[in-house]
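S.K.:
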Amino acid sequence: MLKLARQGIYLISSLILITACGPSDQEQAQQEQRQQQMQMQMVQTTPEFNEQMAGVLDRYFDLKDALVESDPESAGQYAEALKEEAEGVDPTGLNEETLALWVAFSEVIVNSSSELIPLEDVDDQRYHFEFISESMIQMVDTFRPVGYEIYHQSCPMVRDGSADWLSREEGIRNPYHGDRMMRCGEVIRRL
């Protein structure tokens with residue numbers, strides 16, 4: 035019994051020491067704010083660029099919705115529109131770091147859209163949509179191009195793993211399973 039009491043005291047003392055040595059909530063919040071400010075200084079966009087990014091995002095949502103509906107013909111058409119929208123972005127006015135990020139994101143979007151366009155099987159299209167989504171999530175997270183809330187969603191049951199996508203709506207409409215598992219997934223975060 036005495037041994038158990040000593041172990042309990044040791045555990046409580048350890049927790050107090052760890053808590054006392056760790057950063058306070060205020061310090062942690064200040065550190066996160068400094069990191070965000072540093073990122074914002076590095077990634078600077080223009081209103082024109084953000085408007086073009088909003089267009090890319092709109093075409094992405096069209097493609098996502100076609101995959102939710104398991105409509106391969108529309109998905110191919112929307113992938114073509116997404117590719118054209120991304121290729122048409124004028125990066126004039128971006129600093130070197132921001133331009134490099136846009137080029138990296140847009141290459142994945144354009145190349146994966148090109149792979150998706152000719153496919154007739156919706157599951158094959160969904161495979162390429164996963165790469166598009168990964169790039170779009172990073173793009174939105176980096177540039178914050180729109181003034182409305184976007185939902186980062188995830189399904190844990192895609193090809194022996196999980197896959198993510200963006201949505202305008204909080205409710206889950208899964209583009210990787212369509213009507214087979216329409217509501218499978220969860221909101222990871224709001225952007």
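Per the numbering used here, numbering through the sequence shown is continuous, rising by one, with the last residue being 225. The C-beta atom is built at its ideal place from N, Cα and C for all residues, glycine as well. Values in this document were obtained by computation on a predicted structure and should not be read as measured data.
Can you check which of these residues, Asp194, Ser188 and Asp213, is closest to Leu200 by C-alpha distance?
M.R.: Checking every option, the nearest Cα to that of Leu200 belongs to Ser188.
S.K.: I need the straight-line Cα distance from Arg178 to Phe165, nearest angstrom please.
M.R.: Looking at the two C-alpha atoms, the distance is approximately 19 Å.
S.K.: Mapping the DSSP letters down to three states, classify Tyr18 as helix, strand or coil.
M.R.: With the chain represented from 35 up to 225, any question about residue 18 goes unanswered, as that position is not in the structure.
S.K.: Excluding the 5 residues flanking Leu150 on each side, which residues of the same chain have their C-beta closer than 6 Å to its C-beta?
M.R.: Once the five neighbours on either side are set aside, the close Cβ partners of Leu150 are Ala113, Gln159 and His162.
S.K.: With H, G and I counted as helix, E and B as strand and the rest as coil, what does DSSP make of Val221?
M.R.: Strand.
S.K.: Can you give the Cα-Cα distance for Gln78 and Pro152, rounded to whole angstroms?
M.R.: Approximately 36 Å between the Cα atoms of the pair.
S.K.: Could you give the residue range of the beta strand (DSSP E) that holds Gly195?
M.R.: Per DSSP, Gly195 belongs to the beta strand (DSSP E) from Gly195 to Ser201.
S.K.: According to DSSP, is Ser169 helix, strand or coil?
M.R.: In the structure shown, Ser169 sits in a helix (DSSP, three-state: H, G or I).
S.K.: Just checking my contact of Ser116 with Phe83 at CB under 8 Å: how many whole Å lie between their CB atoms?
M.R.: The residue you asked about is not Ser; residue 116 is Leu in the sequence shown. The Cβ separation is near 17 Å, so there is no contact.
S.K.: With DSSP run on the structure shown, which of helix, strand or coil describes Met191?
M.R.: Strand at Met191.
S.K.: Please report the Cβ distance between Asp198 and Ser104, rounded to the nearest whole angstrom; I am assuming they are in contact, meaning their Cβ atoms lie under 8 Å.
M.R.: Between Ser104 and Asp198 the Cβ distance is about 19 Å, and since that is not below 8 Å, they are no contact.
S.K.: Once DSSP output is grouped into helix, strand and coil, what is the label at Tyr185?
M.R.: Strand, per DSSP.
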